[in-house]
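Colleague: Below are the structure tokens for one structure; questions will follow.
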Amino acid sequence: MKIGFIGLGIMGKPMARNLMKAGHTVIVYDIVKENTEVMVEEGASERNSAREVAEECKVIITVLPNSPHVRAAVMGKNGVLEGASAGSILIDMSSIAPQVSKEISEACEKQGIEMLDAPVSGGEPKAIDGTLSIMVGGKEEVFKQVYDILMAMGGSAVYCGEIGAGNTTKLANQIIVALNIAAVSEAFMLSTKAGVDPDKVFNAIKGGLAGSTVMNAKIPMIMERNFKPGFKIDLHIKDLNNALDTGHEIGVPLPLTANVMEMLQKLHADGHGQEDHSAIAKYYEKIADVCVESER
Ligand code: NAD
Numbered sequence: 070m071k072i073g074f075i076g077l078g079i080m081g082k083p084m085a086r087n088l089m090k091a092g093h094t095v096i097v098y099d100i101v102k103e104n105t106e107v108m109v110e111e112g113a114s115e116r117n118s119a120r121e122v123a124e125e126c127k128v129i130i131t132v133l134p135n136s137p138h139v140r141a142a143v144m145g146k147n148g149v150l151e152g153a154s155a156g157s158i159l160i161d162m163s164s165i166a167p168q169v170s171k172e173i174s175e176a177c178e179k180q181g182i183e184m185l186d187a188p189v190s191g192g193e194p195k196a197i198d199g200t201l202s203i204m205v206g207g208k209e210e211v212f213k214q215v216y217d218i219l220m221a222m223g224g225s226a227v228y229c230g231e232i233g234a235g236n237t238t239k240l241a242n243q244i245i246v247a248l249n250i251a252a253v254s255e256a257f258m259l260s261t262k263a264g265v266d267p268d269k270v271f272n273a274i275k276g277g278l279a280g281s282t283v284m285n286a287k288i289p290m291i292m293e294r295n296f297k298p299g300f301k302i303d304l305h306i307k308d309l310n311n312a313l314d315t316g317h318e319i320g321v322p323l324p325l326t327a328n329v330m331e332m333l334q335k336l337h338a339d340g341h342g343q344e345d346h347s348a349i350a351k352y353y354e355k356i357a358d359v360c361v362e363s364e365r
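Below is the structure:
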């Protein structure tokens, strides 16, 4: 099948590659030319705008940073809605505010275009392996129609409810991940300052109740001082902002999220915004004047 793919960053490139591996023809567009060129070398075709992609493809996937980028690529000048015809399906796999998914879906509906919000979890490694966890909102029959396409990129695709439900689920995911990294960083700051090798602490506790996918992924990075993203601090600020806004709109306080948000703001101000979110450890390291580095 011919699939349009808009947004070829850290996540978009490997996701588009997996669609090609599954035998689909992929037509790509990104505002950064080098990103499309890489994909063209690997067999994709490139177009000059989201509109041109949508003119040719009945299924269009977007993987963009945040709500304004998706609004621009879909509803803006030379956007998807200028090119797509009735019956097309837009699958937005970006992590954006659930209320913006609803707004974009309403604009799509006016032209007879179906939309799903289908953000992902698992980061770059799982995007490469094609084992992302995909959480989906929209009409269930549309979800069923594109299930095989989603499963070319994911290890699971779960229908969560009406439009916006995918991104609401993703906000829950992002709160859990951010708070987990902060908890792990706080704990390792303490044990390192107290003189215990972090490598020993990791090996001693990873099989117990404190063990987590987050700890397994992030503590080795922290101990090796490898903060190459991965998932950038600035993107996590975006997600926690969306979580706090959504919480405030429905009258739900998010006290722990607000705390970690301030840590991320401090890291951004100190110039760490483009580093992996495992750099939350640096916030704690600065307070305690310690470095969570393995003695190995
Ligand atoms: P990224 O910044 O690496 O890539 C975004 C791409 O979108 C860039 O190539 C950029 O040039 C392009 N872009 C921006 N505006 C555009 C427009 N109007 N038209 C066309 N292209 C445009 O970001 P990423 O890490 O790939 O993340 C993408 C989305 O996936 C985000 O919402 C992020 O929160 C989510 N996500 C990321 C990860 C991760 O580990 N990186 C994990 C899960 C979810």
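Counting from 70, one number per residue, gives the positions in the sequence shown under my numbering.
Ideal Cβ positions, reconstructed from N, Cα and C, are used throughout, including at glycine.
Source: prediction; values computed, not measured.
(1) Indicate the three-state DSSP secondary structure (helix, strand or coil) for A226 in the structure shown.
(2) Say the cut is 7 Å; is the CB of V189 nearer than that to a heavy atom of the ligand NAD?
(3) Excluding the 5 residues preceding and the 5 following T261 in the sequence, name in chain order all residues of the same chain whose CB lies nearer than 7 Å to its CB.
(4) Would the beta-carbon of K287 fall within 8 Å of that of G342?
(5) Measuring CB to CB, does T315 end up less than 8 Å from P137?
(6) Based on DSSP bridge pairs, tell me the residues matched to S114.
(7) Kindly provide the ranges of any alpha helix (DSSP H) runs that are 4 or more residues long and lie completely inside the stretch 146-200, ordered along the chain.
(8) On the CB-based measure, 16 or more other CB atoms within 10 Å of its CB, does P194 come out buried or exposed?
(9) Taking the CB atoms as reference points, tell me whether V95 and A85 lie closer together than 8 Å.
(10) Leaving out the 5 sequence neighbours to the left and right, which residues in its chain are closer than 6 Å to I79 when beta-carbon positions are compared?
(11) L133 to H317, Cα distance in whole Å?
(12) Out of E344, I245, E354 and A123, point me to the one whose CA is closest to Y98's CA.
(13) Any heavy atom of the ligand NAD inside 7 Å of the beta-carbon of L240?
(14) What does a CB cutoff of less than 6 Å around A350 pick up in its chain, not counting 5 residues either side in sequence?
(15) Report, in whole angstroms, the separation of the C-beta atoms of I182 and A155, which I expect to be a contact under 8 Å.
(16) Can you say whether S170 is buried or exposed, counting buried as having 16 or more other CB atoms within 10 angstroms of its CB?
(17) Note the first and the last residue of the continuous beta strand (DSSP E) segment covering F74.
(18) Considering only heavy atoms of the ligand NAD, does any lie closer than 7 Å to the CB of L304?
(19) Examine the Cβ distances between the stretch 319-338 and the stretch 221-239 and report whether three or more of them are shorter than 8 Å.
(20) Less than 8 Å between the C-beta atoms of L150 and A176, yes or no?
Modeller: On the basis of the supplied data:
(1) strand
(2) yes
(3) P267, V359 and V361
(4) no
(5) no
(6) According to DSSP, which records beta bridges pairwise, S114 is partnered with I96.
(7) Runs of the alpha helix (DSSP H) inside the stretch 146-200: 149-152, 167-179 and 192-198.
(8) exposed
(9) For the pair V95 and A85, the CB atoms are nearer than the 8 Å cut-off.
(10) E193
(11) 24 Å
(12) A123
(13) no
(14) For A350, where only same-chain residues beyond five positions count, the Cβ hits under 6 Å are S254, I291 and V361.
(15) 7 Å
(16) buried
(17) F74 -> beta strand (DSSP E) spans K71 to I75.
(18) yes
(19) no
(20) Yes. Within cutoff.
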